[in-house]
Structures are given as C-alpha cells and as structure tokens.
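Asker: Residue 121 in full-length UniProt numbering is what sits at position 121 of the sequence shown, and the numbering runs on without skipping anything.
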Amino acid sequence: MDILRQADGLKKSKGGRKNNLNLEEQLLIALEYLREYRTYFHIGQNYGISESSAYKAVKWVESTLVKHANFALPGRKALMKSDMNYEVVLIDATESPIEIPKKKTQKFYYSGKKKRHTLKTQIVVDKKTHQVICTDFSNGKKHNFRLFKESKILIHLKVKVITDTRYQGIQKIHNNSALPKKKSKKNPLTKNDKKIIVG
Numbered sequence: 001m002d003i004l005r006q007a008d009g010l011k012k013s014k015g016g017r018k019n020n021l022n023l024e025e026q027l028l029i030a031l032e033y034l035r036e037y038r039t040y041f042h043i044g045q046n047y048g049i050s051e052s053s054a055y056k057a058v059k060w061v062e063s064t065l066v067k068h069a070n071f072a073l074p075g076r077k078a079l080m081k082s083d084m085n086y087e088v089v090l091i092d093a094t095e096s097p098i099e100i101p102k103k104k105t106q107k108f109y110y111s112g113k114k115k116r117h118t119l120k121t122q123i124v125v126d127k128k129t130h131q132v133i134c135t136d137f138s139n140g141k142k143h144n145f146r147l148f149k150e151s152k153i154l155i156h157l158k159v160k161v162i163t164d165t166r167y168q169g170i171q172k173i174h175n176n177s178a179l180p181k182k183k184s185k186k187n188p189l190t191k192n193d194k195k196i197i198v199g
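Quick look at the structure:
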C-alpha cells in the first residue's frame with residue numbers, strides 16, 4: 001500500500017479529476033482481475049463504476065507496482081552468476097484461464113489438462129527465500145518441458161534444480177536436477193519415494 005500511496009500523492013500533486021475509488025479498492029479490483037480473471041464489466045458492476053474506470057484502476061495499479069524496485073526480479077542472468085547464493089531452485093508452470101480467443105488461435109491456447117483456454121507461466125523460484133527469479137510465458141497448449149527448453153534458461157552447474165514429472169529430460173540439459181519418481185498402477189510410490197525431492 002505504501003508504494004501506491006506514494007504514487008497517488010505524486011498523481012494528486014499534478015492535479016486532475018478525483019478518483020471515485022480509494023486506494024484499497026483500486027488494489028482489490030486489480031487483485032480480483034488478476035486472480036479471478038473477471039471482466040471489467042463485472043468488476044465495474046460490483047463497485048458501481050464504469051467498465052473503463054475498472055480498466056484504468058487495474059492498469060494504474062499494475063504499472064505502478066511493476067515500475068517499483070521492490071517488484072524487480074533478479075532475472076535469468078542471475079542464474080548463471082557464481083556469486084549468487086542460489087543453492088536450489090524450483091521450476092514449475094501454472095496456467096491462467098483466458099477468454100476464448102479468435103477461432104484461428106483457439107487450438108494453441110486450449111489446455112487438455114485444464115479443459116479450457118489458458119496462458120502458461122513458467123516460474124523459477126529460489127527454494128530458500130521463495131523469491132521469484134524469472135518468469136516465461138506461453139500458450140496453454142505448450143508442454144512444461146518444451147516451454148523450459150524454448151525459454152533457453154541457463155543455470156549454473158552448482159545450482160540444484162527441482163521440478164515435477166512434467167520436466168522429464170531436464171537432466172540432459174542440467175545434470176544437477178531432481179525429479180520425483182513417476183507412479184504407475186504396477187509401481188505405486190513408497191513412503192521413501194514421496195520424501196525424495198527434499199534436497
């Protein structure tokens with residue numbers, strides 16, 4: 001909130017129309033949009049504002065936070081630096097639902113796993129601090145490991161990488177990698193298998 005208050009104070013000093021929403025409401029609107037992917041129309045209905053006002057609130061909060069140093073990510077180059085203190089990094093991908101795209105591109109965004117149209121976000125996180133190091137994006141149809149390969153992320157050899165089973169083959173790219181054992185009907189996971197990946 002402090003970041004938004006500071007930016008709002010600067011905005012008010014320049015003059016202009018007063019916003020009908022307080023800062024808390026603007027932040028809440030942005031979080032609702034980003035988390036639930038609600039339409040600006042529906043958000044506007046909930047807060048008694050126009051669709052364009054809801055859009056402006058989301059964009060202002062997003063751009064204000066993204067520009068601030070507290071939200072700057074170390075970036076992919078940090079993964080190759082030997083002076084960085086990364087011992088173990090976690091790599092995973094998550095999918096966010098989107099509105100149905102135009103007919104020509106629908107198949108690229110359709111996720112068989114989620115049974116809907118999605119955007120895929122790959123996240124690399126420092127296991128110790130839980131800090132996000134870097135991200136990459138793709139359409140929902142793309143497989144996690146393919147997204148990793150296409151992102152061309154290079155990781156220092158001393159850094160251990162932990163992923164899930166959707167990253168089969170990562171050991172060929174980065175030797176210091178760990179994946180959980182895949183379970184099957186004939187070979188269910190033992191208690192020991194479930195404990196693996198702890199580091």
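All C-beta atoms in this analysis are idealised placements derived from N, C-alpha and C, irrespective of residue type, glycine included.
1) Tell me whether Leu4 sits in a helix, a strand or coil according to DSSP, three-state version.
2) I need the straight-line Cα distance from Lys18 to Pro74, nearest angstrom please.
3) With 16 other CB atoms within 10 Å as the buried threshold, where does Lys114 fall?
4) Mind checking whether Ala93 and Leu179 have CB atoms under 8 Å apart?
5) Quick one: measure Cβ to Cβ for Thr163 and Ser177, integer angstroms, because I've assumed they're closer than 8 Å.
6) Over what stretch of residues does the alpha helix (DSSP H) that includes Ile29 continue unbroken?
7) Can you tell me which of Thr135, Leu90 and Ala69 puts its alpha carbon nearest to the alpha carbon of Ile170?
8) Identify, in the order they occur along the chain, each residue of the same chain with its Cβ nearer than 8 Å to the Cβ of Met1, setting aside the five sequence neighbours on each side.
9) When the Cα atoms are used, what is the spatial distance from Asp126 to Tyr86?
10) Using a Cβ distance threshold of 8 Å, determine whether the stretch 132-140 contacts the stretch 75-82, with at least three qualifying pairs required.
11) Would you identify the three-state DSSP class for Glu150, choosing helix, strand or coil?
12) Rounded to a whole number of angstroms, what is the C-alpha to C-alpha distance between Ile29 and Phe108?
13) Inspect the beta-carbon positions of Tyr110 and Lys142 and report whether they are closer than 8 Å.
14) Compute the beta-carbon to beta-carbon distance between Val88 and Lys172, rounded to the nearest angstrom, for a pair I have assumed lies under 8 Å.
15) Going by CA-CA distance only, name the one from Lys181, Ala7 and His130 that's closest to His68.
16) Give me the residue from Ser50, Ile3 and Val124 with the minimum Cα distance to Glu62.
17) Does the separation of the CB atoms of Ile98 and Tyr37 fall below 8 Å?
18) Can residue 204 and Glu32 be called in contact, C-beta distance under 8 Å?
19) Under the three-state reduction of DSSP, which class applies to Ile43: helix, strand or coil?
Answerer: Answer, in terms of the structure:
1) helix
2) 36 Å
3) Counting C-beta atoms within 10 angstroms of its own C-beta, Lys114 has fewer than 16 neighbours from the protein chains shown and is therefore classed as exposed.
4) no
5) 7 Å
6) Leu23 to Glu36
7) Leu90
8) Leu23, Glu24 and Leu27
9) 6 Å
10) yes
11) In the displayed model, Glu150 falls within a helix according to three-state DSSP.
12) 29 Å
13) no
14) Val88 to Lys172, Cβ: 19 Å. No contact.
15) That would be Ala7, whose Cα lies nearest to the Cα of His68.
16) Ile3
17) Contact: yes.
18) With the chain covering only 1 through 199, there is no way to say anything about residue 204.
19) Taken through DSSP and simplified to helix, strand or coil, Ile43 comes out as helix.
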